[in-house]
Amino acid sequence: MKPGTNLIDIEVETRYVESQSNPESRRYVFSYTITIRNDGLQAARLMKRHWIITDANGKIQEVKGDGVVGEQPHLNPGEAFRYTSGTVLDTPVGSMEGSYEMVDPEGNPFEASIPLFVLQRPGSLH
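In structure tokens form, the structure reads like this:
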């Protein structure tokens, strides 16, 4: 494979969803919006997702599944796909990281890493 063939850029925006959270019941809801951009030289399709979600107590949830939000987006070079999803934590602070399994036009799999990002209720970290 040539260098630069499979370059997937991932950007994350997070938000605390106060209206769905209930701190008295240890329920903290967060949404995250992901933008997946194909900066490579060939098309790619997102086949699977793998998330590692960790709360402030060290509790880890692992989530694996096909696609994202019911889709397996196909991205030509220069194209982007954006979606919003969410997660619930027992603590006001946590983190997520993971990867997408992508395939190139010949069906060869490759991994696009999702860098660690923090989920936090406003005011919970000083």
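Take the sequence shown: its position 61, counted from the start at 1, is 61 in UniProt numbering, and no numbers get skipped.
All C-beta atoms in this analysis are idealised placements derived from N, C-alpha and C, irrespective of residue type, glycine included.
Asked: C-beta atoms of residue 116 and residue 97 nearer than 8 Å; Found: yes
Asked: Where residue 85 falls: helix, strand or coil (DSSP); Found: strand
Asked: Which residues DSSP lists as bridging residue 98, in chain order; Found: 51, 114
Asked: C-alpha gap between residue 35 and residue 14, whole angstroms; Found: 12 Å
Asked: Straight-line Cα distance separating residue 120 from residue 76; Found: 34 Å
Asked: Residue 24, DSSP secondary structure in three states; Found: helix
Asked: Rounded straight-line distance, which links the Cα of residue 23 to that of residue 42; Found: 46 Å
Asked: Cut-off 8 Å between Cβ atoms - residues of its own chain near residue 62, not counting five sequence neighbours on either side; Found: 50, 51, 52, 53
Asked: Residue burial classification, residue 38 (beta-carbon count within 10 angstroms, cutoff 16); Found: buried
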